[in-house]
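Numbering (UniProt numbering), first residue to last: 1 to 310. Think of the CB as a built atom: it goes at the ideal place given N, C-alpha and C, for glycine as much as any other residue.
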């Protein structure tokens, strides 16, 4: 509500119903400037108010309701962010902290609001973070840096400070998740490179129907055909006909019972003699929740002499 409207309401005249009736013209003129409260047994019960002031009250009520909705949306948005966020005022006192930050720092909203930043941060990192927040507040220039969590071993956080409303907004990201993912990808890429370099091992993924998904070059090398010819083929189509019932049963057991399987079979090759191989299978659904399995085929024939590969 605006100051002008509040002043008008506070300045309202109070009259009895009989006074209003006897001098209605007068009170009508007064109501054009400020409300007139009509008393009943000494208490305000009705109001005589001008249309412009009534319109202002209605508009301000809508505005206040809109502000309340925006504030509620702001709180919901903060609490559903994956990033940790802490809002500091000009005195570097916490005025807002979202659910992600509360969970990571093991602090409740009640215990955090109204306290300085260094009161909720790990002991070994308090000076570092408090000094950075002060610099950003004073200079208006944001800062970003990484630091060891101090709460959990081998966990790295990235702090991003940004000037906000004469204070500072602090965003914290757990960079260890990115590090772990990069390490896993590096390991997987290294394993795939070793398999391809060996020329004797191929790994890949099967769909829920037992079809080869994204045939790797190592498998194409073993079979002697291009990768695109293998993509979408049934795994059993590249093994000896006599072995197919056993391979099919192994594939079914992996998908239906989430079991692992290992079976000796014979791999068919284009333009070359079939070779004995060991086929290993394991259920491994995709990150998106799609039913899937991983396979590994190991050539069991006598190795050739060593040679350099690209």
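Nearest-angstrom Cα separation, counted from residue j out to residue i
i, j, result
"residue 142", "residue 173", "16 Å"
"residue 103", "residue 265", "52 Å"
"residue 176", "residue 269", "44 Å"
"residue 307", "residue 201", "Confidence at residue 307 is low in this model, with a pLDDT of 48, below 50, so its placement is unreliable and no value can be given for it."
"residue 17", "residue 34", "17 Å"
"residue 310", "residue 220", "Only weak support is given to the placement of residue 310: the predicted model assigns it a pLDDT of 47, under 50, and the value that follows is read from those uncertain coordinates. Going from the Cα of residue 310 to the Cα of residue 220 covers about 16 Å."
"residue 100", "residue 109", "11 Å"
"residue 140", "residue 154", "32 Å"
"residue 58", "residue 48", "15 Å"
"residue 229", "residue 241", "19 Å"
"residue 52", "residue 31", "10 Å"
"residue 263", "residue 301", "15 Å"
"residue 227", "residue 178", "31 Å"
"residue 288", "residue 213", "15 Å"
"residue 85", "residue 114", "15 Å"
"residue 23", "residue 15", "10 Å"
Residue i vs residue j beta-carbon contact at 7 Å
i, j, result
"residue 167", "residue 290", "no"
"residue 120", "residue 107", "yes"
"residue 313", "residue 204", "With the chain running from 1 to 310 in the structure shown, residue 313 is simply not present."
"residue 151", "residue 116", "no"
"residue 283", "residue 254", "yes"
"residue 293", "residue 206", "yes"
"residue 160", "residue 147", "no"
"residue 46", "residue 36", "no"
"residue 81", "residue 98", "yes"
"residue 138", "residue 126", "no"
Option in the options with minimal Cα separation from residue i
i, options, result
"residue 211", "128, 13, 251", "251"
"residue 275", "45, 299, 161", "299"
"residue 169", "78, 39, 284, 33", "78"
"residue 297", "165, 284, 222, 55", "222"
"residue 144", "155, 47, 129, 154", "129"
"residue 123", "105, 15, 133", "105"
"residue 196", "29, 215, 208", "215"
"residue 236", "227, 257, 267, 258", "267"
"residue 157", "238, 180, 185, 19", "180"
"residue 248", "281, 113, 277", "281"
"residue 28", "260, 40, 96, 13", "13"
Coarse secondary structure for residue i, derived from DSSP in three states
i, result
"residue 242", "helix"
"residue 161", "strand"
"residue 44", "strand"
"residue 94", "strand"
"residue 173", "strand"
"residue 82", "coil"
"residue 116", "strand"
"residue 15", "strand"
"residue 310", "Summary for residue 310: the model assigns pLDDT 47, below 50, so the residue's position carries little reliability; its value from the coordinates is reported in the next sentence. In this structure, residue 310 counts as coil in the three-state DSSP scheme."
"residue 143", "strand"
"residue 148", "strand"
"residue 167", "strand"
"residue 111", "helix"
Anticipated Cβ contact below 8 Å, residue i with residue j, distance rounded
i, j, result
"residue 224", "residue 271", "6 Å"
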